[in-house]
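Asker:
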Amino acid sequence: MQFPKNENLLKTFLTFCWFLHISFINSESIEYCDKSEKESKITKQNQGSPSSDTCQNTAPMALVLYNEDNVLPLHRDKRTLKYVSRDIVIKQEWKKLGVAAVVWDAAEVLSAYLEENPHLVRGRNTIELGAGTGLVGIVAALLGSHVTITDREEVLDFLKETVSQNLPEDLLGRTEIRALDWTKDINNFPDPFDVILGADIVYIEEVFEDLLRTLLKLSNRDTLVLLSCRIRYERDNYFLDRLREHFIVNQILYDELKDVILFQATKL
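If you count by mature numbering (1 follows the signal peptide of the UniProt record, and there is no 0), then the sequence shown holds residues -27 to -1, 1 to 241, one letter each, in order.
#1: Please confirm whether GLU134 and THR121 have their CB atoms less than 9 Å apart.
#2: Between VAL82, HIS92, GLU126, which lies nearest to VAL109 when the distance is taken from Cα to Cα?
#3: Quick one: grab the DSSP three-state call for ASN90.
#4: Give every residue of the same chain whose Cβ lies closer than 7 Å to the Cβ of LEU129, excluding the five residues on either side of it in the sequence, and list them in chain order.
#5: Quick check on this structure: which residue in SER84, THR106, LEU87 has the alpha carbon closest to the alpha carbon of residue 250?
#6: In the DSSP assignment, the beta strand (DSSP E) including LYS55 goes from what residue to what residue?
#7: Does the distance from the C-beta atom of LEU188 to that of VAL198 stay below 9 Å?
#8: Alpha carbon to alpha carbon, how far is GLU88 from SER118?
#9: Work out the CA separation of ASN210 and ILE63 for me, nearest whole Å.
#10: What number of angstroms, rounded off, separates the C-alpha of VAL225 from the C-alpha of PHE236?
#11: Can you give the beta carbon distance from residue 242 to LEU115, rounded, assuming they're within the 8 Å contact cut?
#12: Identify whether TYR227 lies in helix, strand or coil by the three-state DSSP scheme.
#13: What is the C-beta distance between PHE166 and THR99, in whole angstroms, given that I count them as a contact (C-beta under 8 Å)?
#14: For residue 247, count neighbouring C-beta atoms within 10 Å of its own C-beta (all shown protein chains included) and say buried if the count is 16 or more, exposed if not.
#15: Taking buried to mean at least 16 other C-beta atoms within 10 Å of its own C-beta, is VAL233 buried or exposed?
#16: Does the distance from the C-beta atom of THR196 to that of THR156 stay below 9 Å?
#17: Could you check the C-alpha separation between GLU182 and ARG208 for me, to the nearest Å?
#18: Measure the Cβ-Cβ separation of VAL168 and ARG97 and say whether it is below 9 Å.
#19: Among THR148, LEU170, GLU127, ASN139, which residue has its Cα nearest to the Cα of TYR86?
#20: Could you compute how far the alpha carbon of PRO91 sits from the alpha carbon of PRO141?
#21: For SER22, I'd like the list of residues in its chain whose CB is within less than 8 Å of its CB, leaving aside the five on either flank, ordered along the chain.
#22: Helix, strand or coil: how does DSSP classify THR106 here?
#23: Give a yes or no on whether the C-beta atoms belonging to VAL94 and ALA113 are separated by under 9 Å.
#24: Take the Cβ of ASN139 as the centre, count every other Cβ of all protein chains shown within 10 Å, and call the residue buried at 16 or more, exposed below.
#25: Mind checking ARG147: buried by the 16 CB within 10 Å criterion, or exposed?
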């Protein structure tokens, strides 16, 4: 479904949807999770992580109406978020760069987790994959990590601007921004990292094997991998199954309102 990119049109469209009852038969299974009435809370795996009954694959079904508060942030010119006692201002370029240039829920969840557990990255050699806006890498740098923030070549100018505007000069000296295309660039990173971070990078099936090879290349048995994601499709679970063939994977957190899961992985 295409949504209007103009914010006023989008508001009108979303308001109109609330008063329409539309049914359709989808050619694929659709995951339906109603989060609109739930309070924000973060629960541990054994205290409310999603079970097989939480999201059911069903067809036909009613059209899932989007919560305006959840959609509109992606179309704002900028987002201001507070981490490590600082306001982090992220300029967003949805129209120009698309998904790479907006702040996704998974990045907020992973950033909050790092803020609550700074020892995981402080003083450690960390890499963020598919960084997009660089929010997670910025938070890791503020917590005292030596960070390499990576994404595709076409995103780097946007990424460099965002990072430089949000890190003090002394931290910029130990923060590196580099191109990393999982399909071809992994040999440019010969040494393993202490920590690998990824927020919402599990969603394009065509590069699942490339992502897996990248994780294997950049890690050793002492490397901590933290991946935050929303499980949108069955193919996302397929990637996790492939990951478990090479890593010990545990779900360590579930943000119920944002419907984001945080996984921790270490190499077998």
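Even for Gly, the Cβ is constructed at its ideal location relative to N, Cα and C.
Answerer: In brief:
#1: For GLU134 and THR121, no; Cβs fall outside 9 Å.
#2: Among VAL82, HIS92, GLU126, the Cα nearest to that of VAL109 is on VAL82.
#3: coil
#4: ILE150, ALA152
#5: Any property of residue 250 remains undetermined from this structure, which presents the chain solely from -27 to 241.
#6: 51 to 56
#7: It is a contact, given that the beta carbons lie within the stated cut-off.
#8: 12 Å
#9: 30 Å
#10: Before going on, a small fix: residue 225 reads as Ile here, not Val. Computed Cα separation, rounded: 6 Å.
#11: Residue 242 lies beyond the range of the chain shown here (-27 to 241); nothing can be said about it.
#12: strand
#13: 6 Å
#14: Any question about residue 247 goes unanswered here, given that the chain covers just -27 to 241.
#15: buried
#16: no
#17: 12 Å
#18: yes
#19: Minimum Cα distance to TYR86 is reached at LEU170.
#20: 18 Å
#21: Caution applies to SER22, whose pLDDT of 44 falls short of 50 and renders its modelled position unreliable; the value that the coordinates give is listed next. The answer, listed in chain order, is THR16, GLN224, TYR227, ILE234.
#22: Secondary structure of THR106 (DSSP, three-state): coil.
#23: yes
#24: Taking every protein chain shown into account, the CB of ASN139 has 16 or more other CB atoms within 10 angstroms, so this residue is buried.
#25: exposed
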